[in-house]
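Peer 1: Please see the structure below; I have some questions.
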Amino acid sequence: MAKTLKNRFESRLLLRFIESPSLFVSCFTNSRSLQTLAYEEVRSSGDRKSESTALILHGLLGSGRNWRSFSRSLVSSLSVSSASDWKMVLVDLRNHGRSAEVEGLNPPHDLVNSAKDLADLVKASGWKWPEVVIGHSLGGKVALQFMESCARGDFGESASPPKQLWVLDSVPGEVKAEKSDGEVEKVLKTLQSLPSPIPSRKWLVDHMVELGFSRSLSEWIGSNLKRSGDSQIWAFNLDGAVQMFNSYRETSYWSLLENPPKETEINFVIAEKSDRWDNDTTKRLERIANLRQNVSEGKVATHLLRNSGHWVHTDNPKGLLEIVSPNFYSPHE
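Quick note on UniProt numbering: the sequence shown kicks off at 1 and runs consecutively.
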């Protein structure tokens, strides 16, 4: 009975945080050196002496700002359930957002260098190594690469793998062309064929709709424009983003999942209505999760997010929070 009342109380608190996250958190953009990724922070306004860090990594053609709302809700929830204050670092990956303007993020534009960018940011900022990394889609594979590189010693002896990863609707293996519906490839090819600069956002949206893309997708693509004089240009580096997508498709992390670093946990969130997964991939992942149940030896877990397509943070943010928050890493467990 007491446990039931406690669960109901926590559920009411969780709902309250979703509805009013601004009561508990602050969001601001930090300065950085010219050679590191752009980012902003969402953090609790608590006064605990200890503060833990989580990196939030967006998907292809996105930016850290896409995750502001969810990060605020998560920090608000953790302000009650966690013994530590949390700082969420919303990163703009190379070629995306404000990082597209940063000099020194040189090719090859692949997952290995994307993960190294995170390590360089941590070192340049003087932070502790992040306890948690959350990555969506492309960002999910960057998170896996970051853990693998940390465990391998690529970032030096001081680097420690994250205690926990959240890989949000990102398949861990290679993405074969024949198993893809081709929508991402079609979007990228279309964007590469457009005039530069873009006449206007309205022109872009109407043009994309005429080509057969949904209005919601076309509007989202349009949100990645920024003004340059009387015209519009992309807020991302398109050629670099295409190279990153190719690396995403070609890279596999099955070996990491079969032998994760000790004292770590890798959580996969699979969106119920996502088109990214096939039966063989989900079964293989579930088999590994059944074998890797012990955090001390490296744990893998799967979670099904119902009523959501690939865009988990907009399709069902409440459901995503209800999965992530109660299972979030606690530094004092």
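From the three backbone atoms N, C-alpha and C, an ideal C-beta is built for every residue, glycine too.
If you drop the 5 nearest sequence neighbours on each side, which residues of the same chain put their C-beta closer than 8 Å to that of Met1?
Peer 2: Here Met1 scores only 44 on pLDDT, less than 50, and its place in the model should not be relied on; the value that follows carries that caveat. So no residue of the chain qualifies.
Peer 1: Is the segment 148-163 close to the segment 123-130, with three or more CB pairs under 8 Å?
Peer 2: The segment 148-163 is in contact with the segment 123-130.
Peer 1: Comparing C-alpha positions only, which one of Ser223, Ile323 and Tyr248 sits nearest to Ser308?
Peer 2: That would be Ile323, whose Cα lies nearest to the Cα of Ser308.
Peer 1: Which of helix, strand or coil does DSSP assign to Asp85?
Peer 2: Residue state, collapsed to three classes: strand.
Peer 1: Check Ala115 in the structure and name its three-state DSSP category.
Peer 2: Helix, per DSSP.
Peer 1: How would you call Gln164, buried or exposed, if buried means at least 16 neighbouring beta carbons within 10 angstroms?
Peer 2: Looking at its Cβ environment, which holds 16 or more other Cβ atoms inside 10 Å, Gln164 is buried.
Peer 1: Between Gln293 and the rest of its own chain, which residues show a CB-CB distance below 7 Å, the 5 nearest in sequence each way excluded?
Peer 2: Lys299.
Peer 1: For Glu258, which residues of its own chain have a beta-carbon under 7 Å away from its beta-carbon, when the five flanking residues on both sides are left out?
Peer 2: Around Glu258: Ile288.
Peer 1: By Cβ distance, which residues of its chain are closer than 6 Å to Gly139, with the 5 residues on each side in sequence left out?
Peer 2: Only Leu57, His58 and Gly59 meet the Cβ criterion.
Peer 1: The beta strand (DSSP E) with Val102 in it runs from where to where?
Peer 2: Careful: Val102 lies outside any beta strand (DSSP E) and carries neither H nor E.
Peer 1: By Cβ distance, which residues of its chain are closer than 6 Å to Asn267, with the 5 residues on each side in sequence left out?
Peer 2: Contacts found: Trp166 and Ala301.
Peer 1: Please confirm whether Arg201 and Leu217 have their CB atoms less than 7 Å apart.
Peer 2: No, these two residues do not count as a Cβ contact at 7 Å.
Peer 1: What number of angstroms, rounded off, separates the C-alpha of Ser125 from the C-alpha of Trp86?
Peer 2: Approximately 16 Å between the Cα atoms of the pair.
Peer 1: Can you tell me whether Trp166 is helix, strand or coil according to DSSP?
Peer 2: DSSP places Trp166 in strand when its eight states are reduced to three.
Peer 1: Could you tell me which of Leu121, Asp154, Ser77 and Ser84 sits nearest to Arg94, measuring between CA atoms?
Peer 2: Of the candidates Leu121, Asp154, Ser77 and Ser84, the one whose C-alpha sits nearest the C-alpha of Arg94 is Leu121.
Peer 1: Rounded to whole angstroms, what is the Cα-Cα separation between His313 and Ser330?
Peer 2: Looking at the two C-alpha atoms, the distance is approximately 22 Å.
Peer 1: What I want to know is whether the C-beta of Glu263 ends up closer than 6 Å to one or more non-hydrogen atoms of the ligand PLP.
Peer 2: Among the components of this structure there are no ligands whatsoever, and the ligand PLP is therefore not found.
Peer 1: Nearest to Asp169 by CA position, among Thr282, Ser44, Asp117 and Asn113, is which residue?
Peer 2: When only C-alpha atoms are compared, the closest one is Thr282.
Peer 1: Have a look at the DSSP bridge pairing and note the partners of Tyr39.
Peer 2: Val91.
Peer 1: Look at the alpha carbon of Glu250 and the alpha carbon of Val175, and state the distance between them as a whole number of angstroms.
Peer 2: Spanning the two alpha carbons is a distance of roughly 7 Å.
Peer 1: Cα-Cα, which of Trp277, His109 and Ala54 is closest to Ser84?
Peer 2: Among Trp277, His109 and Ala54, the Cα nearest to that of Ser84 is on Ala54.
Peer 1: Are Val91 and Ser44 close, meaning C-beta to C-beta below 7 Å?
Peer 2: It is not a contact, given that the beta carbons lie outside the stated cut-off.
Peer 1: Quick check: what's the CA-CA separation for Gly64 versus Leu291?
Peer 2: One C-alpha to the other measures close to 34 Å.
Peer 1: What would DSSP say about Gln293, mapped onto helix, strand or coil?
Peer 2: If DSSP states are grouped into helix, strand and coil, Gln293 belongs with coil.
Peer 1: Considering Cα atoms alone, identify which of Ile221, Glu286 and Glu263 is closest to Leu304.
Peer 2: Checking every option, the nearest Cα to that of Leu304 belongs to Glu286.
Peer 1: Determine the burial state of Gln232: buried for a count of at least 16 other Cβ atoms within 10 Å of its Cβ, exposed for fewer.
Peer 2: Label assigned to Gln232: buried.
Peer 1: Can you tell me the Cβ-Cβ gap for Leu191 and Leu238, rounded? I've got them flagged as a contact below 8 Å.
Peer 2: Right, the Cβ-Cβ distance comes to about 6 Å (below 8 Å), so this counts as a contact.
Peer 1: With DSSP run on the structure shown, which of helix, strand or coil describes His136?
Peer 2: Correct three-state label for His136: strand.
Peer 1: Exposed or buried, Gly182, counting other C-beta atoms within 10 Å across all chains shown (16 or more means buried)?
Peer 2: Looking at its Cβ environment, which holds fewer than 16 other Cβ atoms inside 10 Å, Gly182 is exposed.
Peer 1: So, for Leu320: in the same chain, excluding its five sequence neighbours on each side, which residues have a beta-carbon less than 8 Å away from its beta-carbon?
Peer 2: Excluding residues within five positions, the ones whose Cβ falls inside 8 Å are Phe70, Leu168, Val269, Leu305, Ser308, Val312 and His313.
Peer 1: Count the other CB atoms within 10 Å of the CB of Lys141; is the residue buried (16 or more) or exposed (fewer)?
Peer 2: Flag for Lys141 reads buried.
Peer 1: Pro107 to Glu101, Cα distance in whole Å?
Peer 2: Their Cα atoms are separated by approximately 14 Å.
Peer 1: Could you give the first and the last residue of the continuous beta strand (DSSP E) run that contains Glu51?
Peer 2: It spans Glu51 to Leu57 - the beta strand (DSSP E) in which Glu51 sits, taken as one unbroken run.
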